[in-house]
Amino acid sequence: MSFEDIYKIYWQKAFRLCMGYVNDTDLAKDLTQETFIKVFKQLSKFENKSSIGTWIFRIASNTCLRQIQKENRMPKSEFPLEMREEIIETNIEKELQFLYKCISDLQEIDRIIISLNLEGISQKEIAKIVGFSEGNIRVKIYRIKEKLIEKFKKNER
Amino acid sequence: MSDNINLKEIWNRQEVAIPNIQNLYDNVNQLKKLNLLKLIGITITGITTIIFISFIWYFYQPKLITTKIGILLSIISIVIYVIAHNSMLSFLFKKNRAINNKDYLQLLIKLKEKQLFLQTRTLNTFFILFSLGISLYLFEFTLKMSILLGAVIYTTTLVWIAINWFYFKPLIIKKQNTKIDQLLLKFKEISNQISN
Numbered sequence: 000m001s002f003e004d005i006y007k008i009y010w011q012k013a014f015r016l017c018m019g020y021v022n023d024t025d026l027a028k029d030l031t032q033e034t035f036i037k038v039f040k041q042l043s044k045f046e047n048k049s050s051i052g053t054w055i056f057r058i059a060s061n062t063c064l065r066q067i068q069k070e071n072r073m074p075k076s077e078f079p080l081e082m083r084e085e086i087i088e089t090n091i092e093k094e095l096q097f098l099y100k101c102i103s104d105l106q107e108i109d110r111i112i113i114s115l116n117l118e119g120i121s122q123k124e125i126a127k128i129v130g131f132s133e134g135n136i137r138v139k140i141y142r143i144k145e146k147l148i149e150k151f152k153k154n155e156r
Numbered sequence: 000m001s002d003n004i005n006l007k008e009i010w011n012r013q014e015v016a017i018p019n020i021q022n023l024y025d026n027v028n029q030l031k032k033l034n035l036l037k038l039i040g041i042t043i044t045g046i047t048t049i050i051f052i053s054f055i056w057y058f059y060q061p062k063l064i065t066t067k068i069g070i071l072l073s074i075i076s077i078v079i080y081v082i083a084h085n086s087m088l089s090f091l092f093k094k095n096r097a098i099n100n101k102d103y104l105q106l107l108i109k110l111k112e113k114q115l116f117l118q119t120r121t122l123n124t125f126f127i128l129f130s131l132g133i134s135l136y137l138f139e140f141t142l143k144m145s146i147l148l149g150a151v152i153y154t155t156t157l158v159w160i161a162i163n164w165f166y167f168k169p170l171i172i173k174k175q176n177t178k179i180d181q182l183l184l185k186f187k188e189i190s191n192q193i194s195n
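Residue numbers (numbering that gives the first Met the number 0), protein chains in the order written: chain A, 0 to 156; chain B, 0 to 195.
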């Protein structure tokens with residue numbers, strides 16, 4: 000698979016993962032760009048031990064984990080969220096916004112796990128990306144979803 | 000299960016226009032240039048200082064061994080600093096990014112601890128060697144001066160070294176280490192989320 004193909008197929012997915020982690024569109028775009036720079040540089044070293052998707056998601060999530068080094072650059076969530084509220088009026092976007100807000104309240108690793116799960120990555124693959132056992136991932140996903148749904152229900156009331 | 004499907008459905012509504020791939024290629028080239036410039040910058044500063052010191056040796060032809068040792072120590076201190084700085088850069092950038100989050104966090108923690116140790120040690124070595132070098136180097140020239148002038152020059156130099164040692168060095172180390180300490184703390188905190 001050429002780099003151009005990988006870029007087209009995985010950019011949106013990697014962006015959503017970064018967005019789940021930072022809840023900030025600009026920062027998420029930067030992190031996605033950084034991820035693909037790393038992918039571009041290391042593509043020749045990629046061994047087919049894991050699927051290309053797992054490999055890219057590992058790079059993307061590690062890039063997110065490292066981003067606190069740049070965190071001082073922009074305060075998280077509040078400012079961009081307010082701005083988006085002005086632009087986006089529809090209920091659909093508000094739901095999405097609320098989902099990101101709930102995810103960003105979670106612990107860092109939980110944000111990665113749930114983002115990968117919502118992206119449709121299997122529990123086995125998530126275990127490989129994060130470094131947890133599959134059983135642990137299953138329990139974690141169950142608990143995180145419970146929390147999220149609870150918050151959604153409260154929000155609807 | 001309908002709740003789960005719902006979350007996924009909301010999640011998938013997020014679509015952003017994919018940036019042109021050319022931007023990425025431009026970015027790669029920019030980064031390459033920037034890293035190279037950083038490397039060249041510090042190396043050139045070091046080399047220029049070494050050339051300057053060597054010129055003094057060449058033009059003034061020092062007689063005493065202390066002067067020569069002084070010059071050599073100053074040059075060695077600069078070389079150590081440049082090498083340490085450059086190898087630290089490559090050491091920080093050339094790590095495997097495709098390992099799992101758990102191992103990656105462990106790697107980051109190790110890297111930061113190493114960086115903390117290296118920075119402090121390199122800076123200490125540089126300051127000791129450079130101060131010693133300058134003090135020895137001055138000896139021959141002050142011998143040719145009157146005792147009073149010699150004393151004034153040595154006192155000024157020693158005061159300058161003391162200011163560097165007791166004021167600037169701790170300040171630089173504190174500034175470097177505070178940031179790394181904070182990062183270390185955060186990385187350890189995230190790492191604990193995986194081991195729990």
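Beta carbons: idealized from backbone N, C-alpha and C, even for Gly. Small disclaimer: the values here were computed from a predicted structure and weren't measured.
Worksheet item: Counting pairs of Cβ atoms below 8 Å between the segment 138 to 147 of chain A and the segment 37 to 55 of chain A, do you hit three or more?
Response: No: the two stretches stay apart, fewer than three of their Cβ pairs being nearer than 8 Å.
Practice prompt. Indicate whether at least one CB of chain B lies closer than 8 Å to the CB of MET0 (chain A).
Written response: It does not: the Cβ of MET0 (chain A) has no partner Cβ on chain B nearer than 8 Å.
Worksheet item: Around the Cβ of MET18 (chain A), are there at least 16 other Cβ atoms within 10 angstroms (buried) or fewer (exposed)?
Response: Buried.
Item to complete: Please check if any C-beta of chain A sits within less than 8 Å of the C-beta of MET0 (chain B).
Response: Model confidence at MET0 (chain B) stands at a pLDDT of 42, short of 50, so the residue's coordinates are unreliable; what they give is reported in the following sentence. Not one chain A Cβ lies under 8 Å of MET0 (chain B).
Fill in: Range of the contiguous alpha helix (DSSP H) that encloses ILE98 (chain B)
From DSSP, ILE98 (chain B) is part of no alpha helix (DSSP H); its letter is neither H nor E.
Discussion item. Suppose the cutoff is 8 Å on Cβ atoms and the five residues either side in sequence are ignored; what does the same chain contact list for PHE45 (chain A) look like?
Written reply: Excluding positions up to five away in sequence, the list reads ILE51, TRP54.
Worksheet item: Does LEU23 (chain B) get closer than 8 Å to chain A when you measure Cβ to Cβ?
Response: So yes, LEU23 (chain B) belongs to the interface.
Worksheet item: Since ILE133 (chain B) contacts THR156 (chain B) with CB under 8 Å, what's their CB separation in whole angstroms?
Response: About 6 Å separates the two Cβ atoms, so the contact holds.
Item to complete: Please list the residues of the segment 95 to 129 of chain B that have a C-beta atom closer than 8 Å to any C-beta atom in chain A, keeping them in chain order.
Response: Within the segment 95 to 129 of chain B, ARG96, ALA97, ILE98, ASN99, ASN100, LYS101, ASP102, TYR103, LEU104, LEU107 place their CB atoms closer than 8 Å to a CB of chain A, listed in sequence order.
Worksheet item: Do the segment 22 to 36 of chain B and the segment 22 to 39 of chain A make contact, defined as three or more Cβ pairs closer than 8 Å?
Response: The segment 22 to 36 of chain B and the segment 22 to 39 of chain A touch, with no fewer than 3 CB-CB distances between them shorter than 8 Å.
Discussion item. On the CB-based measure, 16 or more other CB atoms within 10 Å of its CB, does GLY40 (chain B) come out buried or exposed?
Written reply: Per the 10 Å Cβ criterion, exposed.
Worksheet entry | Span of the alpha helix (DSSP H), counted from its first residue to its last, around ARG15 (chain A) | Run containing ARG15 (chain A): 2 to 21, per the alpha helix (DSSP H) assignment.
Discussion item. In this structure, how does DSSP classify ILE120 (chain A) when only helix, strand and coil are distinguished?
Written reply: Correct three-state label for ILE120 (chain A): coil.
Item to complete: Answer with yes or no whether the minimum CB distance from LEU30 (chain B) to chain A is below 8 Å.
Response: The Cβ of LEU30 (chain B) sits closer than 8 Å to at least one Cβ of chain A.
Worksheet item: Given a limit of 7 Å on CB to CB distance, which residues of the segment 122 to 152 of chain A reach chain B?
Response: For the segment 122 to 152 of chain A, the set of residues with a beta-carbon nearer than 7 Å to any beta-carbon of chain B comprises LYS127, ILE128, VAL129, GLY130, PHE131, LYS144, LEU147, ILE148, in chain order.
Fill in: DSSP-derived helix/strand/coil call for GLU46 (chain A)
Under the three-state reduction of DSSP output, GLU46 (chain A) falls in the coil class, being neither helix nor strand.
Fill in: Residue burial classification, ASN72 (chain B) (beta-carbon count within 10 angstroms, cutoff 16)
Checking the sequence shown, residue 72 (chain B) turns out to be Leu, not Asn. Buried.
Practice prompt. Output, in sequence order along the chain, the residues in the segment 4 to 21 of chain A whose CB is closer than 9 Å to any CB in chain B.
Written response: Considering only beta carbons, the part of the segment 4 to 21 of chain A lying closer than 9 Å to chain B consists of TYR6, LYS7, TRP10, GLN11, PHE14, ARG15, MET18, GLY19, in chain order.
Fill in: Residues of the segment 44 to 56 of chain B whose Cβ lies closer than 7 Å to any Cβ of chain E, in chain order
In the structure shown, chain E cannot be found, because the protein chains are A and B.
Worksheet entry | Residue from B:GLY149, B:LYS185, B:SER76 whose Cα sits closest to the Cα of THR48 (chain B) | The residue with the shortest Cα to Cα distance from THR48 (chain B) is B:SER76.
Worksheet item: What is the DSSP secondary structure of SER145 (chain B), reduced to helix, strand or coil?
Response: Correct three-state label for SER145 (chain B): coil.
Worksheet entry | Nearest candidate by alpha-carbon position, reference ASP200 (chain B), set B:SER53, B:PHE129, B:THR119 | Outside the displayed range of chain B (0 to 195) lies residue 200 (chain B), so it cannot be described from this structure.
Worksheet entry | Sufficient close CB pairs (3 or more, under 8 Å) joining the segment 54 to 64 of chain A to the segment 104 to 118 of chain A | Yes, since at least three Cβ pairs between the segment 54 to 64 of chain A and the segment 104 to 118 of chain A fall closer than 8 Å, the two stretches touch.
Practice prompt. Assign GLU85 (chain A) to one of three DSSP states: helix, strand, or coil.
Written response: Here the model assigns GLU85 (chain A) a pLDDT of 44, short of 50, so the residue's position is not dependable, and the following value carries that caveat. The three-state secondary structure of GLU85 (chain A), taken from DSSP, is helix.
Worksheet item: Just how far apart, CA to CA, sit GLN106 (chain A) and GLN192 (chain B)?
Response: Here the C-alpha atom of GLN106 (chain A) lies approximately 8 Å from the C-alpha atom of GLN192 (chain B).
Practice prompt. Drop a sphere of 10 angstroms on the beta-carbon of ILE162 (chain B), count the other beta-carbons inside from all chains shown, and report buried for 16 or more, exposed for fewer.
Written response: Classification of ILE162 (chain B): exposed, given that the 10 Å Cβ count is below 16.
Fill in: Cross-chain neighbours of LEU117 (chain A) in chain B, by beta carbon under 7 Å
Within 7 Å Cβ-Cβ: LEU6, LYS7, TRP10.
Discussion item. With H, G and I counted as helix, E and B as strand and the rest as coil, what does DSSP make of GLY130 (chain A)?
Written reply: Here GLY130 (chain A) sits in coil by DSSP.
Fill in: Proximity winner among B:LEU182, B:ASN22, B:LEU38, B:GLU188, relative to GLU112 (chain B) (alpha-carbon distances)
Answer by Cα proximity: B:LEU182.
Worksheet entry | Exposure label - GLU118 (chain A); buried when at least 16 CB within 10 Å | The C-beta of GLU118 (chain A) has 16 or more other C-beta atoms within 10 Å across all chains shown, which makes the residue buried.
Fill in: Option in A:ARG15, A:PHE2, A:LEU42 with minimal Cα separation from ILE20 (chain B)
Closest by C-alpha distance to ILE20 (chain B), out of A:ARG15, A:PHE2, A:LEU42, is A:PHE2.
Practice prompt. State the CB to CB distance for the pair LEU64 (chain A) and TYR103 (chain B), rounded to an integer number of angstroms; the pair is presumed to be in contact (CB under 8 Å).
Written response: By a beta-carbon distance limit of 8 Å, LEU64 (chain A) contacts TYR103 (chain B). Their separation comes to about 7 Å.
Worksheet entry | Given GLN60 (chain B) as reference, the closest of B:GLY45, B:GLU188, B:LEU147, B:PHE140 once Cα atoms are compared | Among B:GLY45, B:GLU188, B:LEU147, B:PHE140, the Cα nearest to that of GLN60 (chain B) belongs to B:PHE140.
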